[in-house]
Amino acid sequence: MFKNDVIGRMAQQIGERLQDASHGPEELQKSVQGVMRSAFDRMELVSREDFDIMMDVLTRTRSRVESLEKQVIALESLLEKQGLVTGMQTADEDSCTPVAGEESASHAAEVERQRDA
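Going by my numbering, the sequence shown opens with residue 1, and the numbers climb by one from there.
Okay, here's the thing in structure tokens:
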């Protein structure tokens, strides 16, 4: 919707510039370029080079996250085998279970609030 608004405004502004044809072709070209540049700036476009760089960063980050997930699963498995931790949640679940004996930060904050009250 936003892009359609920008394109519609750009077309309207260009039409207004064309109606004022008393200026020479160079002036008209500069005016149309100004309208287009302004519209593209409002769209917050990025260059292809910047897009490719960000895609590369995203790909590397995704790969690193997957690697770390595998390491966490391996460590959880090792801890369960050693009997140190039981019932760990998987990485697919929304919430995290604290390691045996540790309170979650939100629970600790709630206990602190109740104590102060």
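Backbone N, C-alpha and C define an ideal beta-carbon position, used for all residues, glycine too. Model, not experiment: these values are computed from the prediction.
Inset, instruction - Output yes or no for whether 7 Å exceeds the beta carbon distance between Arg-37 and Val-6. - result: no
Legend entry - Burial state of Ala-11 (16 or more Cβ within 10 Å): exposed
Legend entry - Straight-line Cα distance separating Thr-61 from Met-55: 10 Å
Legend entry - Beta-carbon proximity of Gln-9 to Val-32, cut-off 7 Å: In the sequence under discussion, the amino acid at residue 9 is Arg, which differs from the Gln named in the question. Cβ distance not < 7 Å, so Arg-9 and Val-32 don't count as in contact.
Legend entry - When Lys-30, Val-35, Glu-27 and Pro-25 are compared against Ile-14, the one with the closest alpha-carbon: For Ile-14, the nearest C-alpha among the options comes from Val-35.
Inset, instruction - Could you have a look at Gly-47 and say whether DSSP puts it in helix, strand or coil? - result: Here residue 47 is Ser; the residue named in the question, Gly, does not match the sequence. If DSSP states are grouped into helix, strand and coil, Ser-47 belongs with coil.
Inset, instruction - Drop a sphere of 10 angstroms on the beta-carbon of Ala-39, count the other beta-carbons inside from all chains shown, and report buried for 16 or more, exposed for fewer. - result: buried
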